[in-house]
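Encoded as structure tokens, the structure appears first; notes follow it.
In UniProt numbering, the protein residues as written are 1 to 107.
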């Protein structure tokens, strides 16, 4: 999460210069968020976790089912449809990913 924040601010230009990782980390440290530049770079090099990889795969399937059903299906029906298709996933996972992506079925 902090890595995403740093990435988002690296492209900002202040006084004609791009912000560096070190300066962003220094500002975050002053604000009470402890992160060293070395920690940032280590996190960038790290391979995605199994959960992150699975979430990415599931998210494409969730979006597909959501679109195919005209944005009407909620987490419960998407969960049921994915399981019918042989994609084993917990309902709470579908709920979490839909919430992250901002997908919401009709009520």
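Glycine is no exception: its CB is placed at the ideal position from the N, C-alpha and C atoms.
Fewer than three Cβ pairs drawn from the stretch 60-79 and the stretch 26-43 lie within less than 8 Å of each other, which leaves the two stretches out of contact. Contact between residue 62 and residue 13 is ruled out by a C-beta separation of about 37 Å, above the 8 Å threshold.
In the DSSP assignment, residue 18 forms a beta bridge with 13. The Cβ-Cβ distance between residue 103 and residue 66 falls below 7 Å. Under the three-state reduction of DSSP, residue 100 is assigned to helix. With contacts defined as CB atoms closer than 7 Å, residue 40 and residue 21 qualify as a contacting pair.
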